Structure formats: C-alpha cells, structure tokens
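A.B. asks:
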Ligand code: EPU
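Laid out in structure tokens, this is it:
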C-alpha cells in the first residue's frame, strides 16, 4: 500500500517549473497514429497516465521511444489496428481518442469503454453520436468494447449537444482525412484542444476555428511527421498556486501563462489574494496584510472556471472569513474529497442550489447526476489539523496533499496512485519547496 506521510505547517517557498499538460500529451500520442512518419512530442510529462498511453501505443505496434528529456518519439509505420485490451484502455479515459485516430487512418478501431478518474459516469455518448454523423459506423454490443469502421469518412456537420473536451478531440482526429469537410458546432474551446489542433496542423491537417465554438476540418489525403512541444499544464499551475497560498508561502511557477489562467487569476483577485505576473511565469502567495475573502464560483467549460480547479478552490475557501459557495456544473460527482477535508477540520456542507433548468444548466447528463449534491458551502476560516485520509481522484488527491501541508500535525494519505497518474515527481518537487512529505510503499512503515 502506497501512502504519503506529511508533516504540515511549513510554507512552500521557491521556484517550481510547470510540467507539460497531461491532457494534451495523452491525445498527442493518439494523434501520432495519423501518419507513417515520426512524430516527436516534446515537454511530455512522465506520469502514469502518459505511460499507460505509451503502453497502448506499443500494443498497437508503434515504435515508441521515451527519452529522459521529456521527449516521446512515435513511429507508427508498423501499427496494426488490433483491439486495445480492456485492462489497458480502462486505465484512462483518454484511451477513447484512439477511436478517432485509428478509424481515420486504418478504417477500423476496437477500443474499450474508457476508464479514468472515478468522478462520475462519464459516458462517451456525445463522441459516438458525432462519429456516426460524419459517416463512421460505431457499435457497442455490451462486451466492453466500442467497434468503429468506415471505408470512407464522408464528412458533414455535427452539433455537440453539450460541451465535451475529449469528444471534440476525438472528432477532430476522426475527421482529418474526410472526403469533404466536417463542421463541429458547440465544440469545446479548452486551450488543450487548441494545442491538439496545433499539432495536427503541424502534421499537415486543415483544422481551424471559424467562430466561437465552431471548428472546420477540411479533409486532406495524407499527414506527415513533425516535432511538437506540449503546452504548460494549467491545472498543475493552480495546484502549486493554491499550495503557496494555503501554506502562507510564496512560489514562482515558471512557465505559467496568464492567457491560460485568466478566470483563475480574476477569481484570486475577488478572493483578495495577490499574484505577480513575471516574464517567465507567475508568482503566487499572500502578501502581508492580505487575507482570503469568501467567494462564489461555479465551474463551467472554457472560458469558465475550470472543474479541475474546484477542489483546490474549496480548500482555499476554508481560509476565507465567511461563507463561500462552490458549485460544480461540469461533473455530476466531484465532491468526494469533502468528507476527507472534514476529517481535517474543514466545515463544509453539500447542498443543491436552485437551478431553473438543470437538464440544460449542467454539462453532465442530468439523469447521471440527479441523485448527487452539486454544490458546497464552505464556512471559514478554519484551521486544519492532521488526519488519515483517502484519495479517490487526481485533482482531489492533490488538494488533500495541499490541505495536509497547510494543516498542523502529521497526516497520512492513501490512494496516492491517483496523484501519480497526473503529477510528475509531485512529492520531490514539493520537498524542494520546503514541504515535509514522504512516500511510503508498505503498510506499517509509518
Ligand atoms: N459527458 C457526457 N457524454 C459525453 C461526454 C461527456 O455525458 O459523451 C459528460 C461527462 O460525464 C462530464 C462532462 O460531460 O460530466 C464533461 O466531459 P468532457 O468530455 O468535457 O471531459 P473529458 O474530456 O472527459 C477532460 C479532461 C478532464 C477535464 C475535463 C474538462 C482529459 C483526459 N480529461 O475530460 O481532466 O476535467 O476535460 O476540461 O482530457 C483531469 O485532468 O484530472 C481531468 C479530469
């Protein structure tokens, strides 16, 4: 059993360099299958999810080199579009993007129903509807696999009923060789989607945003190899930022870009917490006399307040003087960490705010989420104390680590494999900032 042992109370101080974005690197690996040539992915984070994607790529026959300097070089000349084993695909949700690239290049794909973080039902119905609309046959006969085939991808127009980040990416990968044109309406606008568009265009695709939430893909005959650098991970920036603030420290996050973090920075302004934008990154931390003010935030798709920032924001609000509200509108079940934070002394109650038309308002399918709470009232300020807590998903896990760093006493956190999925050398980098955090691999080692 792996765990973190954390002695809290030390401010995080110094400089940390942000890693490449997980949610781009994963899709870039699948995009490399669109050409026979070599694709070099630079600034890839070496995290378990990326390694799981590399494992799938190798299983499909690709030659994948993982270089020490965060480069992944993929050559898919010898790829056979075999079935991706259930166990491999079920490890991470992003495996579903292979549906797009395999059917595009090889005319068929057999891809498992995707797994990933346990943060709700997370169906891929919107992806499947879109693939069918552009001329791809997709079947699901209940054995855990989606089977897709198409002799010709004819193209067409498709309107996503609601936002889907990975769904938009899957449709882009599926459309690059279409006969005519694909127009995706109500397509996701997350910067990570733009980074993937940048990659496929570097490979020779013709993909562009024509207006807000509309993407046009003009089919081409062939794509070629390229070298591509993954954008910085804005979720990691937010993790480090909140860590600096709640531990009363000061951290310069090298590589953090203002343009990816606008709403987060605006929310920090509303919370009365300063930051400093510098040439090569952003410095976070409370200045003297600054104290956290309560806020109301609702998560949304880009350019809204990102769902991945919801858990760290809730933690930040435990420091605010008054009552804050954090409303989750993207995922139906993303408050699992609240019970764990409560063990550390946080005063949070879950509730359902009045919403006129929940079916329209929430980004998840309402029938998947009707039975859960969708908002948290946070009563601050509270001084957190140590506890034994269990991590159940990635962003929530990182938040519990930050809570333990801010808390008085020694905490014990299990389920840290969720953190390994998305943060490279998390504890080592935190230790460099002054954190007292130790990883243990066996029970009883405390
Ligand atoms: N949804 C459906 N049907 C679909 C697609 C989505 O009901 O066909 C629902 C989902 O269940 C969810 C919501 O719509 O409730 C949003 O799903 P979306 O498809 O937009 O999210 P995703 O592509 O699965 C990616 C990131 C998430 C990030 C979200 C929002 C990857 C691998 N994951 O998920 O990242 O929170 O977009 O930007 O790219 C993380 O990094 O920890 C993480 C969870």
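Residue numbers (my numbering): 1132 to 1577. Where is the CB? At the ideal position from N, CA and C, for every residue including glycine. None of these values were measured; they are calculated from a predicted model.
Just to confirm, are residue 1602 and residue 1531 a CB contact at a threshold of 8 Å?
C.D. replies: Residue 1602 cannot be examined here, being either before or after the span of the chain that is shown, 1132 to 1577.
A.B. asks: Using the Cα positions of residue 1467 and residue 1563, report the straight-line distance between them to the nearest angstrom.
C.D. replies: Position 336 of the chain shown, counted from the first residue, corresponds to residue 1467. Position 432 of the chain shown, counted from the first residue, corresponds to residue 1563. Taking the straight line joining both Cα atoms gives about 29 Å.
A.B. asks: Let me know the secondary structure DSSP gives residue 1252 once reduced to three states.
C.D. replies: Taking the chain shown and counting its residues from 1, the one referred to as residue 1252 is at position 121. Unreliable positioning characterises residue 1252 in this predicted model, as indicated by a pLDDT of 47, which lies under 50. A coordinate reading is not provided.
A.B. asks: Could you tell me whether any Cβ in chain C is nearer than 8 Å to the Cβ of residue 1458?
C.D. replies: Here there is only one protein chain, and chain C is not present.
A.B. asks: Give me whichever residues DSSP pairs with residue 1226 in a beta bridge.
C.D. replies: Taking the first residue of the chain shown as 1, we reach residue 1226 at position 95. Bridge partners of residue 1226: none, in fact.
A.B. asks: Could you tell me the distance, in whole angstroms, from the CA atom of residue 1237 to the CA atom of residue 1335?
C.D. replies: Counting from 1 along the chain shown, the entry for residue 1237 is found at position 106. Counting from 1 along the chain shown, the entry for residue 1335 is found at position 204. Rounded to whole angstroms, residue 1237 to residue 1335 spans 18 Å at the Cα level.
A.B. asks: Report buried or exposed for residue 1255, applying the criterion of at least 16 other Cβ atoms within 10 angstroms of its Cβ.
C.D. replies: Reading the chain shown from its first residue, position 124 is the one you call residue 1255. It is buried - the Cβ of residue 1255 has at least 16 other Cβ atoms within 10 Å.
A.B. asks: Please state if the CB of residue 1523 and the CB of residue 1500 are separated by a distance shorter than 8 Å.
C.D. replies: Within the chain shown, the letter at position 369 stands for residue 1500. Within the chain shown, the letter at position 392 stands for residue 1523. Their beta carbons are not under 8 Å apart, which means residue 1500 does not touch residue 1523 by this criterion.
A.B. asks: Tell me the residue span of the beta strand (DSSP E) that contains residue 1552.
C.D. replies: Residue mapping note: residue 1552 aligns to position 421 of the chain shown, counting from 1. Neither: residue 1552 is in no beta strand (DSSP E) and is coded neither H nor E.
A.B. asks: Grab the span of the alpha helix (DSSP H) containing residue 1470 for me, first residue to last.
C.D. replies: For the purposes of this step, residue 1470 is taken as residue 339 along the chain shown, with counting starting at 1. Looking at the DSSP string, the run of the alpha helix (DSSP H) that includes residue 1470 is 1468 to 1474.
A.B. asks: So what's residue 1247 in DSSP terms, helix, strand or just coil?
C.D. replies: Sequence index remark: in the chain shown, residue 1247 carries index 116 (1-based). For residue 1247, the predicted structure reports a pLDDT of 46, less than 50, and the residue's modelled location is therefore unreliable. The matter cannot be settled from this model.
A.B. asks: Which full runs of the beta strand (DSSP E) of 3+ residues lie inside the region 1385 to 1439, going along the chain?
C.D. replies: List check, beta strand (DSSP E) in window: 1406 to 1409, 1412 to 1415, 1427 to 1429.
A.B. asks: Among residues of its own chain, excluding the 5 on either side of residue 1197, which ones have a beta-carbon nearer than 7 Å to its beta-carbon?
C.D. replies: Taking the chain shown and counting its residues from 1, one reaches residue 1197 at position 66. Correct list, in chain order: 1185, 1203.
A.B. asks: Just checking residue 1495 against the ligand EPU - is the residue's beta carbon closer than 7 Å to any of the ligand's heavy atoms?
C.D. replies: The residue given as residue 1495 occupies position 364 in the chain shown. Residue 1495 Cβ: within cutoff of the ligand EPU.
A.B. asks: Any heavy atom of the ligand EPU closer than 7 Å to the CB of residue 1298?
C.D. replies: As a first step, residue 1298 must be located in the chain shown, where it is residue number 167. Yes, the beta carbon of residue 1298 sits closer than 7 Å to at least one heavy atom of the ligand EPU.
A.B. asks: From the DSSP secondary-structure annotation, give me the bridge partner or partners of residue 1357.
C.D. replies: One-based indexing of the chain shown puts residue 1357 at position 226. The partner list for residue 1357 (beta bridge, DSSP) reads 1170.
A.B. asks: Straight-line CA distance for residue 1277 to residue 1260?
C.D. replies: Translated into the one-based positions of the chain shown, residue 1277 becomes position 146. Translated into the one-based positions of the chain shown, residue 1260 becomes position 129. When rounded, the distance between both Cα atoms is 13 Å.
A.B. asks: Is residue 1555 closer than 8 Å to residue 1178 when the C-beta atoms are compared?
C.D. replies: By one-based count along the chain shown, residue 1178 stands at place 47. By one-based count along the chain shown, residue 1555 stands at place 424. A contact, by the Cβ cut-off of 8 Å.
A.B. asks: How would you call residue 1343, buried or exposed, if buried means at least 16 neighbouring beta carbons within 10 angstroms?
C.D. replies: By one-based count along the chain shown, residue 1343 stands at place 212. It counts as exposed.
A.B. asks: Can residue 1505 be considered in contact with the ligand EPU, in the sense that its beta carbon sits closer than 7 Å to one or more heavy atoms?
C.D. replies: Taking the chain shown and counting its residues from 1, the one referred to as residue 1505 is at position 374. Answer for residue 1505: no, Cβ out of range of the ligand EPU.
A.B. asks: Under the criterion of a Cβ to heavy atom distance below 7 Å, does residue 1220 qualify as lining the ligand EPU?
C.D. replies: Counting from 1 along the chain shown, the entry for residue 1220 is found at position 89. Residue 1220: no, Cβ never under 7 Å from the ligand EPU.
A.B. asks: Would residue 1094 and residue 1135 be called neighbours here (beta carbons separated by less than 8 Å)?
C.D. replies: For the chain, the structure presents residues 1132 to 1577; residue 1094 sits outside this window and is missing.
A.B. asks: How long is the line joining the alpha carbons of residue 1497 and residue 1489, rounded to whole angstroms?
C.D. replies: Counting from one through the chain shown, the residue named residue 1497 turns up at place 366. Counting from one through the chain shown, the residue named residue 1489 turns up at place 358. Approximately 7 Å, taken between the alpha carbons.
A.B. asks: Give the DSSP-derived three-state secondary structure of residue 1100 in the structure shown.
C.D. replies: Since the first and last residues shown for the chain are 1132 and 1577, residue 1100 lies out of range.
A.B. asks: Sort 1361, 1502, 1200, 1141 by Cα distance to residue 1330 and report the nearest one.
C.D. replies: The sequence position of residue 1330 within the chain shown is 199, counting from 1. Selected option, being the one with the closest Cα: 1361.
A.B. asks: Looking only at its chain, what residues have a beta carbon closer than 7 Å to the beta carbon of residue 1139, apart from the 5 residues adjacent to it on each side?
C.D. replies: Stepping through the chain shown from its first residue, residue 1139 is reached at position 8. Same-chain partners within the cutoff: 1517, 1535, 1536, 1537, 1538, 1539, 1540, 1542.
A.B. asks: Please list the terminal residues of the continuous beta strand (DSSP E) segment that includes residue 1315.
C.D. replies: Your numbering for residue 1315 matches position 184 in the chain shown. Per DSSP, residue 1315 belongs to the beta strand (DSSP E) from 1312 to 1316.
A.B. asks: What did DSSP end up calling residue 1500 once you bin it into helix, strand or coil?
C.D. replies: The count along the chain shown starts at 1 and reaches residue 1500 at position 369. In the structure shown, residue 1500 sits in a helix (DSSP, three-state: H, G or I).
A.B. asks: Would you kindly check if the distance between the Cβ of residue 1193 and the Cβ of residue 1210 is under 8 Å?
C.D. replies: Taking the chain shown and counting its residues from 1, one reaches residue 1210 at position 79. Taking the chain shown and counting its residues from 1, one reaches residue 1193 at position 62. A contact, by the Cβ cut-off of 8 Å.
A.B. asks: Report yes or no: do three or more beta-carbon pairs, one from the region 1399 to 1410 and one from the region 1141 to 1155, lie closer than 8 Å?
C.D. replies: The region 1399 to 1410 is not in contact with the region 1141 to 1155.
A.B. asks: Rounded C-beta distance between residue 1570 and residue 1133? I'm assuming under 8 Å.
C.D. replies: Locating residue 1570 in the chain shown gives position 439, counting from the first residue. Locating residue 1133 in the chain shown gives position 2, counting from the first residue. Rounded, the Cβ-Cβ distance is 7 Å, consistent with contact.
A.B. asks: Do you know offhand how far residue 1396's Cα is from residue 1274's?
C.D. replies: As a working mapping, residue 1396 is identified with position 265 in the chain shown. As a working mapping, residue 1274 is identified with position 143 in the chain shown. Whole-angstrom Cα-Cα distance: 45 Å.
A.B. asks: Would you call the region 1373 to 1391 and the region 1341 to 1356 in contact, with 3 or more CB pairs under 8 Å?
C.D. replies: Output reads no: the region 1341 to 1356 does not touch the region 1373 to 1391.
A.B. asks: Whole angstroms is fine: what's the gap from residue 1410's alpha carbon to residue 1506's?
C.D. replies: Walking along the chain shown from the start, residue 1410 turns up at place 279. Walking along the chain shown from the start, residue 1506 turns up at place 375. Near 37 Å, if we compare the C-alpha coordinates of residue 1506 and residue 1410.
A.B. asks: How long is the line joining the alpha carbons of residue 1433 and residue 1317, rounded to whole angstroms?
C.D. replies: If you number the chain shown from 1, residue 1433 lands on position 302. If you number the chain shown from 1, residue 1317 lands on position 186. Whole-angstrom Cα-Cα distance: 12 Å.
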